[in-house]
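J.: The structure's right below; bear with me while I get my questions together.
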Ligand code: CA
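In my numbering, the protein residues as written are 2 to 235.
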């Protein structure tokens with residue numbers, strides 16, 4: 002018998018906690034509920050969950066501190082549950098080590114998709130089978146990381162070195178949001194200025210080359226105020 006995947010849900014709002022619990026239980030996940038930060042941290046340590054869903058607004062602790070504390074000893078995927086108006090919090094949570102976020106109010110498909118993506122990335126790391134060793138495929142887009150080759154509909158797309166670096170990082174993390182700072186640091190180094198302008202210029206060029214219709218992207222999505230997210234593989 003397969004052991005169930007354990008998901009720790011740290012959320013103080015009872016109706017959201019019970020909604021999430023029923024959605025996850027129906028999908029055969031095992032839910033460990035926690036309604037305070039203190040309880041969440043102790044459950045994280047004692048239960049060793051496979052994934053943590055974390056509400057940032059808790060009565061007893063700042064969710065940011067929970068991310069930092071958990072990250073001090075485990076790389077378990079953390080998905081932050083956040084309100085729509087808290088763009089800065091989302092960025093800070095991601096930069097502190099959260100894997101992704103989901104915005105209230107959210108529906109089942111979105112919640113389950115985020116969880117599957119986060120679990121897949123964590124499995125990938127554990128099994129040492131990085132996406133980098135094989136090409137990325139989504140729709141008609143194909144990226145061969147080793148050959149530095151990007152094709153769409155079989156036609157080679159010529160990207161500059163920095164454009165390729167951006168696309169490759171997003172593709173290796175497909176389905177997950179990457180913050181502007183994370184991308185800038187990866188491409189231009191840790192001491193580069195946190196100025197999004199040059200990244201935006203690069204992204205405009207990438208979209209012009211990559212997307213069938215740059216005004217309605219189907220491969221690289223903008224998360225307003227936060228960063229970019231590349232489409233999942235097929
Ligand atoms: Ca809350």
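The beta-carbon is built from N, C-alpha and C at its ideal position, and this holds for glycine as well.
None of these values were measured; they are calculated from a predicted model.
Excluding the five sequence neighbours on either side, which residues of its own chain have a C-beta within less than 6 Å of the C-beta of residue 145, listed in chain order?
T.: Cβ contact annotation for residue 145 (same chain, cutoff 6 Å, sequence separation greater than five): 136, in chain order.
J.: Ends of the beta strand (DSSP E) at residue 5?
T.: For residue 5, there is no enclosing beta strand (DSSP E), as DSSP gives it neither H nor E.
J.: By how many angstroms is the C-alpha of residue 106 removed from the C-alpha of residue 50?
T.: Distance between the alpha carbons of residue 50 and residue 106: 24 Å.
J.: Going by the CB atoms, is the gap between residue 223 and residue 177 shorter than 8 Å?
T.: no
J.: Ligand 1: which residues have Cβ under 7 Å from any of its heavy atoms, chain order?
T.: 12, 13, 14, 56, 58 and 59
J.: Do residue 160 and residue 171 have their C-beta atoms within less than 8 Å of each other?
T.: no
J.: Counting C-beta neighbours from all protein chains within 10 Å, is the total for residue 23 16 or more, i.e. buried, or is it exposed?
T.: exposed
J.: Could you say which of 84, 208, 227 and 169 lies nearest to residue 218 if we only look at CA atoms?
T.: 208
J.: Classify residue 225: buried if its beta carbon has 16 or more other beta carbons within 10 angstroms, exposed otherwise.
T.: By the C-beta density criterion, residue 225 is exposed, having fewer than 16 other C-beta atoms within 10 angstroms.
J.: Taking residue 158 and residue 211 to be in contact with their CB atoms under 8 Å, please state how far apart those CB atoms are, rounded to whole angstroms.
T.: 6 Å
J.: Hey, how far is the Cα of residue 34 from the Cα of residue 72?
T.: 20 Å
J.: In chain order, what residues of the same chain lie with their CB nearer than 7 Å to the CB of residue 13, ignoring the 5 residues before and after it?
T.: The residues are 36, 37, 56, 59 and 60.
J.: Considering Cα atoms alone, identify which of 143, 40, 142 and 64 is closest to residue 90.
T.: 64
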